[in-house]
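K.L.:
Quick note on numbering: our numbering labels position 327 of the sequence shown as 487, and the sequence is numbered without any gaps.
All C-beta atoms in this analysis are idealised placements derived from N, C-alpha and C, irrespective of residue type, glycine included.
Since this is a predicted model, take the numbers as computed values, not measurements.
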Amino acid sequence: MSLLIKNVILENKKVDIFISEGKIQKIASRINKKAKDKIDGQGEKAIFPGLVNAHTHSAMNLFKGVGEGLSLKDWLEKKIWPLEKRLSADDVYWGTKLACLEMIKTGTTCFNDMYFFQEAAIKAIQEMGLRAVIGLTILDSSPWGKREDIVRFWQKWQKEKMERIKFSLAPHSIYTVSKENLIWSKNFAQKNNLLIHFHLAETKEEVDNSLKENKLRPVEYLKKIKFLGRNFIFAHGIWLSKKEIKILADYHSYLVYNPISNTKLAAGIFPYQNIQNAGIKICLGTDGACSNNSLNMFKEMKAGLLLQKVSNLTPTIVSTKEMFKIATENGAQALGIKVGKIKEGYLADLFLINNNQLNSIPNHIKLYNLIFSYSIDLVTDLICHGQIIMREKKINNEKEIIFQSKKRTKKLLNN
161 MSLLIKNVIL ENKKVDIFIS EGKIQKIASR INKKAKDKID GQGEKAIFPG LVNAHTHSAM
221 NLFKGVGEGL SLKDWLEKKI WPLEKRLSAD DVYWGTKLAC LEMIKTGTTC FNDMYFFQEA
281 AIKAIQEMGL RAVIGLTILD SSPWGKREDI VRFWQKWQKE KMERIKFSLA PHSIYTVSKE
341 NLIWSKNFAQ KNNLLIHFHL AETKEEVDNS LKENKLRPVE YLKKIKFLGR NFIFAHGIWL
401 SKKEIKILAD YHSYLVYNPI SNTKLAAGIF PYQNIQNAGI KICLGTDGAC SNNSLNMFKE
461 MKAGLLLQKV SNLTPTIVST KEMFKIATEN GAQALGIKVG KIKEGYLADL FLINNNQLNS
521 IPNHIKLYNL IFSYSIDLVT DLICHGQIIM REKKINNEKE IIFQSKKRTK KLLNN
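1. For I165 and G201, which I take to be in contact (beta-carbon distance under 8 angstroms), what is that distance rounded to the nearest angstrom?
2. Do the stretch 275-282 and the stretch 249-256 meet, that is, are 3 or more Cβ pairs less than 8 angstroms apart?
3. If you follow the beta strand (DSSP E) that Q588 is in, where does it begin and where does it stop?
4. Jot down the residue ranges of each uninterrupted alpha helix (DSSP H) in the stretch 268-346, minimum 4 residues, whole runs only, in chain order.
5. Suppose contacts are defined by Cβ-Cβ distances below 8 angstroms. Is L619 in contact with A395 by that definition?
6. Tell me which residue opens and which closes the beta strand (DSSP E) that L355 is part of.
7. Quick check: the Cα distance between Y417 and C443, rounded to an integer number of angstroms?
8. Can you round the beta-carbon distance between I187 and I177 to whole angstroms, since I take them to be within the 8 angstroms contact cut?
9. Going by alpha carbons, who is nearest to Y506 out of L512, N341, T488?
10. Can you give the beta carbon distance from M263 to N213, rounded, assuming they're within the 8 angstroms contact cut?
11. Out of E204, L211, K245, K459, point me to the one whose CA is closest to F223's CA.
12. Are there 16 or more other CB atoms within 10 angstroms of the CB of K402, so buried, or fewer, so exposed?
13. Looking only at its chain, what residues have a beta carbon closer than 7 angstroms to the beta carbon of G182, apart from the 5 residues adjacent to it on each side?
14. Do you know how far the Cα of L408 is from the Cα of V379?
15. Consult DSSP for T476 and reduce its assignment to one of helix, strand or coil.
16. Pick out whichever of L572, K375, Y414 has its Cα sitting closest to the Cα of G114.
17. Reducing DSSP to helix, strand and coil, say where E262 ends up.
18. DSSP puts R551 in a beta bridge; with which residues?
19. F327 and L290 - do their beta-carbons sit closer together than 8 angstroms?
20. Are I555 and V539 closer than 8 angstroms when you measure CB to CB?
21. Nearest to W399 by alpha carbon, out of L388, R390, V367, Y381?
22. Reducing DSSP to helix, strand and coil, say where K183 ends up.
23. Taking the straight line between their C-alpha atoms, what separation do you get for I294 and D273?
24. So, under 8 angstroms CB-CB, A219 and T256 are touching, yes? Tell me the CB distance rounded to an integer number of Å.
25. I'd like the list of long-range same chain contacts for K321, defined as Cβ closer than 7 angstroms, with 5 residues on each side in sequence excluded.
26. Residue range of the alpha helix (DSSP H) that V379 falls in?
27. To the nearest whole angstrom, what separates the beta carbons of L465 and T476, a pair I think is in contact under 8 angstroms?
28. Could you check what DSSP says for V499 in three-state terms: helix, strand or coil?
29. Alpha carbon to alpha carbon, what distance is there between E308 and S345?
30. Just mark L573 as buried or exposed, buried being the case when its beta carbon has 16 or more other beta carbons within 10 Å.
31. Count the other CB atoms within 10 Å of the CB of G203; is the residue buried (16 or more) or exposed (fewer)?
32. Buried or exposed: A426, going by 16 or more other Cβ atoms within 10 Å of its Cβ?
33. Can you tell which of A349, S301, Y335 has its C-alpha closest to the C-alpha of V311?
34. Can you list, in chain order, the residues of its chain with a C-beta nearer than 6 angstroms to that of L542? Leave out the 5 residues immediately preceding and following it.
35. Taking its Cβ as the centre, do 16 or more other Cβ atoms sit within 10 Å of R568, making it buried, or is it exposed?
36. Leaving out five residues before and five after D197 in sequence, what residues of the same chain have Cβ atoms less than 8 angstroms from its Cβ?
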């Protein structure tokens, strides 16, 4: 498959981009190569690298709005976990498709997922055409989060060669996974060269309970049991001490900032400056739509910027350029995938916007406008692995996905 993108604006210059075998092969002012497919920006569309959502639970889109106004503990224990026990593979299939639909429309081409019924999620993601890292979830209390399920799944899928799907091991957190299962997870991930995707220090209560039960803060406890290592991506990290941040920096960990979910659940504000000063790479994620009500990474960038500005009373604490890098390049590095830049040799995960939309005018500071003035109508085309997934805002089977998702949600909530 080859694709020629003509007359698009890249960093204030009009260029052509030639793509084949899923990669960006050439960027130049004019390219005359033949291609099987073509997009013409006519000098009016700008092009950007696809966004990387570094932490989400995609199929939770079905539970959007459930448990409004609750703390994280009550939200999980009283609303989410009881609902999840009713889930079927078909629910996860349609919930994941609905999530992909929203991500496509808002410029996300790759996401780091943690949920259940992974085979159903893989099927949905492959059909939608996006790129993902599928987390093999470990959760002591869940009927689907057992070691034997992980081993069985891995034996079946490890030899599958999929261009857009990778795997991680995803023990949920210190408060839902036993010491024994945490250590098993670390060993399994190392043996099979898997990323570990983990919730960490999301609430003050998590830290207080760890101090009470383990006499150590969460990171200190994880270090003591020899769980920590390289190739880790931690979500949240709101309540980390400076000592814990230093430990994570020593292990070259990645941390995912989830500003809207953290704000909505009143969990706290990510200590951006302390983490950045320690040399830890920061990524951006939405968390699940159930604790966010959106998988829109543009909203996440805007909220992330504003929260840091006001909480530190420093308008220059993080620039729009840095936040965009966090939402693209940093997430890609954390996941070990060569995306996040528009550069020859990189995988062709891209989106185009219409510079003539009302909310983008005047567009003399394009990246600033993109983040602060974004609306869902702005993204016109999306490409993943060189394939056009959305052309002129049109996506295959959109109505069917919405219908089936509504149907599944109604059934789950009314049982």
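P.N.:
So, to answer that:
1. Translated into positions along the sequence shown, residue 165 becomes position 5. Translated into positions along the sequence shown, residue 201 becomes position 41. I165 to G201, Cβ: 7 angstroms. Contact.
2. Counting Cβ pairs under 8 angstroms, three or more are found: they touch.
3. Residue coverage of the chain in this structure runs from 161 to 575, which leaves residue 588 outside it and unanswerable.
4. With a minimum length of 4 residues, the continuous alpha helix (DSSP H) runs that stay inside the stretch 268-346 are 278-288, 307-317.
5. Because residue 619 is not part of the residues shown, which for the chain are 161 to 575, the question remains open.
6. On the sequence shown, residue 355 is found 195 positions in, with the first residue counted as 1. L355 -> beta strand (DSSP E) spans 355-360.
7. The residue you call residue 417 lines up with position 257 of the sequence shown. The residue you call residue 443 lines up with position 283 of the sequence shown. Y417 and C443 have their C-alpha atoms spaced approximately 6 angstroms apart.
8. Here residue 187 is taken as the residue at index 27 of the sequence shown, counted from 1. Here residue 177 is taken as the residue at index 17 of the sequence shown, counted from 1. Indeed they touch by this definition, with Cβ atoms about 5 angstroms apart.
9. Stepping through the sequence shown from its first residue, residue 506 is reached at position 346. Selected option, being the one with the closest Cα: T488.
10. The count along the sequence shown starts at 1 and reaches residue 263 at position 103. The count along the sequence shown starts at 1 and reaches residue 213 at position 53. In this structure M263 is in contact with N213, their Cβ atoms being roughly 7 angstroms apart against a cut-off of 8 angstroms.
11. Position 63 of the sequence shown, counting from 1, holds the residue named residue 223. Comparing Cα positions, the closest option is K245.
12. By one-based count along the sequence shown, residue 402 stands at place 242. Exposed, because fewer than 16 other Cβ atoms sit within 10 Å of the Cβ of K402.
13. Your numbering for residue 182 matches position 22 in the sequence shown. Excluding residues within five positions, the ones whose Cβ falls inside 7 angstroms are E323, L507, A508, H545, G546.
14. Taking the sequence shown and counting its residues from 1, the one referred to as residue 379 is at position 219. Taking the sequence shown and counting its residues from 1, the one referred to as residue 408 is at position 248. So the two alpha carbons sit approximately 8 angstroms from each other.
15. Your numbering for residue 476 matches position 316 in the sequence shown. Of the three classes helix, strand and coil, the one that applies to T476 here is coil, per DSSP.
16. No information on residue 114 is available, as it lies outside the stretch 161 to 575 that the chain covers here.
17. Your numbering for residue 262 matches position 102 in the sequence shown. Residue state, collapsed to three classes: helix.
18. Translated into the one-based positions of the sequence shown, residue 551 becomes position 391. R551 is bridged to K554.
19. Counted from its first residue, the sequence shown places residue 290 at position 130. Counted from its first residue, the sequence shown places residue 327 at position 167. Not in contact: L290 and F327 (Cβ atoms no closer than 8 angstroms).
20. Taking the sequence shown and counting its residues from 1, the one referred to as residue 555 is at position 395. Taking the sequence shown and counting its residues from 1, the one referred to as residue 539 is at position 379. No, Cβ-Cβ distance for I555 and V539 is not below 8 angstroms.
21. Counting from one through the sequence shown, the residue named residue 399 turns up at place 239. Here the closest residue by C-alpha is V367.
22. Here residue 183 refers to the residue found at position 23 of the sequence shown. Correct three-state label for K183: strand.
23. Indexing the sequence shown from 1 puts residue 294 at position 134. Indexing the sequence shown from 1 puts residue 273 at position 113. Cα atoms of I294 and D273: separation of roughly 5 angstroms, rounded to the nearest angstrom.
24. As a position in the sequence shown, residue 219 is number 59, starting the count at 1. As a position in the sequence shown, residue 256 is number 96, starting the count at 1. For A219 against T256, the beta-carbon gap comes to about 5 angstroms, under 8 angstroms, which counts as contact.
25. Position 161 of the sequence shown, counting from 1, holds the residue named residue 321. Here the set comprises nothing.
26. Along the sequence shown, read from residue 1 onward, the residue named residue 379 stands at position 219. V379 -> alpha helix (DSSP H) spans 378-384.
27. Taking the sequence shown and counting its residues from 1, one reaches residue 465 at position 305. Taking the sequence shown and counting its residues from 1, one reaches residue 476 at position 316. Wrong, their Cβ atoms sit about 11 angstroms apart, outside the cutoff.
28. Here residue 499 refers to the residue found at position 339 when the sequence shown is read from its first residue. The three-state secondary structure of V499, taken from DSSP, is coil.
29. Numbered from its first residue, the sequence shown carries residue 345 at position 185. Numbered from its first residue, the sequence shown carries residue 308 at position 148. S345 and E308 have their C-alpha atoms roughly 12 angstroms apart.
30. Numbered from its first residue, the sequence shown carries residue 573 at position 413. L573 should be labelled exposed.
31. Position 43 of the sequence shown, counted from the start, is the residue given in the question as residue 203. Result: exposed.
32. Against the sequence shown, residue 426 aligns to sequence position 266. Here A426 is exposed, its C-beta having fewer than 16 other C-beta atoms within 10 Å.
33. Within the sequence shown, numbered from 1, the residue matching residue 311 stands at position 151. It is A349 whose Cα lies nearest to the Cα of V311.
34. Taking the sequence shown and counting its residues from 1, the one referred to as residue 542 is at position 382. Cβ neighbours of L542 beyond the five flanking positions: I264, F511, I549, M550.
35. Position 408 of the sequence shown, counting from 1, holds the residue named residue 568. Burial call: buried.
36. Your numbering for residue 197 matches position 37 in the sequence shown. For D197, where only same-chain residues beyond five positions count, the Cβ hits under 8 angstroms are M161, S162, L163, L164, I548.
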